[in-house]
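Read through the structure below, which is laid out as structure tokens, and then see the notes.
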Amino acid sequence: MKYLLFDNPYRDYGASFDIVLVGSRKRGFGAYSEKDAELLQQIHNGAGIKEISLPQYETLKKKLTKPAVSSKSLRMVQQDPSKDPHAVYAEKEDTEVPSKTAKELVNIESSEIESPM
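Residues 136 to 252 in the working numbering are what the sequence shown lists, from first letter to last.
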């Protein structure tokens, strides 16, 4: 099995191939039998056809199945509209509620009122 990369995907090479964006140019690539690959290179004198390795072919195949970079969706994060998104807020610490009542905590022996009104 030979793997070929075609420089101009719009040219008729006499074989079917997949089209993918490589860098800033569209290229065609495909997997062919030894006999077909040699025949394609002989017909076109190797012009515009390069042999690539299996890892390169698999990378192009993966790239073909992925969506375009511009079509990736942004990750949305739910935010509280009442808070500044750039501020750092400290987490509220849980304090234990005293088990005694208010009368038990406060002891007033005497009080003086200077002028009630």
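Where a beta carbon is used, it is the ideal one built from N, C-alpha and C, also for glycine.
In this structure, DSSP gives Leu-199 a helical state, which the three-state scheme calls helix. Looking at the DSSP output, Phe-164 shares a beta bridge with Leu-140 and Asp-153.
Under the three-state reduction of DSSP output, Lys-218 falls in the coil class, being neither helix nor strand. Straight-line spacing of the CA atoms in Lys-196 and Lys-185 works out to 16 Å. One Cα belongs to Arg-160, the other to Ser-208, and the distance between them is close to 24 Å. Going by DSSP, Lys-170 is part of the alpha helix (DSSP H) stretching over 169-178.
Shown here for Glu-169: same chain residues with a beta carbon closer than 8 Å to its own, the five before and five after excluded, namely Met-136 and Lys-137 in chain order. Following the DSSP letters along the chain, one finds Lys-238 in no beta strand (DSSP E) but inside the alpha helix (DSSP H) bounded by residues 237-240. Residue pairing by DSSP puts Glu-186 in a beta bridge opposite Leu-139.
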